[in-house]
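This report concerns only the one structure given below.
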Amino acid sequence: MKISKFKKYISWNAISIIGYFCIVITFVFLVMLGIAMSGINIKAEIDEYYYDYIIKHIISPYISFYKFQLFLVLIFLISSVYENRYYIEKSEYGLRLFGNHEKVYTFFFVTGLALNFLPLYIIYMVTISWIIKFI
Numbered sequence: 630m631k632i633s634k635f636k637k638y639i640s641w642n643a644i645s646i647i648g649y650f651c652i653v654i655t656f657v658f659l660v661m662l663g664i665a666m667s668g669i670n671i672k673a674e675i676d677e678y679y680y681d682y683i684i685k686h687i688i689s690p691y692i693s694f695y696k697f698q699l700f701l702v703l704i705f706l707i708s709s710v711y712e713n714r715y716y717i718e719k720s721e722y723g724l725r726l727f728g729n730h731e732k733v734y735t736f737f738f739v740t741g742l743a744l745n746f747l748p749l750y751i752i753y754m755v756t757i758s759w760i761i762k763f764i
């Protein structure tokens, strides 16, 4: 089953757009995390305060935002089932965007879908780096 066949659904296009929007939020998170981590290892006594601040004010809100993003994706996935039923009832194909530029549109569509899962890798990398620091 090709993932590009789902580009005819409005809900899947919304998921793709969410991926592009949330990647911007992810880069903002990474910049904030980089700035906050620049104060670590200056003095051993205050490292604990930096770690507490980073966890409480940067990582926890980001994880909450990412949970909300995944919740939105789940809602749109459920709505795509109903959208499919609607198209079957009306005997319609669905949404046709950029019919003249199908390959480029498919590339951006699939990239947007994949961007929804990029923050999982970033959270994984941050978690592993913190575990290594504590060991």
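The number in my numbering is simply the position in the sequence shown, starting from 1, with 629 added. Ideal Cβ positions, reconstructed from N, Cα and C, are used throughout, including at glycine.
Three-state secondary structure (DSSP) of residue i
i, result
"GLY723", "coil"
"LYS631", "coil"
"LYS672", "coil"
"ASN745", "coil"
"SER689", "helix"
"SER758", "helix"
"TYR753", "helix"
"SER640", "helix"
"SER708", "helix"
"SER645", "helix"
Residue i versus the options, residue with shortest Cα-Cα distance
i, options, result
"ARG714", "LEU662, TYR638, SER689", "TYR638"
"SER640", "PHE705, TYR678, SER758", "PHE705"
"LEU742", "ILE684, LEU701, GLY723", "LEU701"
"ILE707", "ALA643, PHE658, LYS634", "ALA643"
"GLY723", "GLY663, SER709, ASN729, ILE683", "SER709"
"LEU747", "THR655, LYS634, ILE664", "THR655"
"GLY648", "TRP759, MET754, GLU718, PHE697", "PHE697"
"TYR750", "ILE692, ILE683, GLU677, TYR682", "ILE692"
"HIS686", "TRP759, VAL653, LEU662", "LEU662"
"PHE658", "ILE757, PHE737, ILE688", "ILE688"
Neighbour flag for residue i against chain C, beta carbons, 8 Å
i, result
"ASN642", "This model lacks chain C altogether, as it is built from one protein chain only."
Exposed unless 16 or more other CB atoms sit within 10 angstroms - verdict on residue i
i, result
"LYS631", "exposed"
"ASN745", "buried"
"ILE684", "exposed"
"VAL755", "buried"
"TYR753", "exposed"
"TYR695", "buried"
"SER720", "exposed"
"SER758", "exposed"
Own chain residues within Cβ distance below 8 Å of residue i, not counting five before or after
i, result
"LEU726", "LYS636, ASN642, TYR734"
Same chain, Cβ closer than 6 Å to residue i, neighbours up to 5 away in sequence not counted
i, result
"TYR716", "GLY723"
"CYS651", "GLN698"
Same chain, Cβ closer than 7 Å to residue i, neighbours up to 5 away in sequence not counted
i, result
"GLY668", "TYR679"
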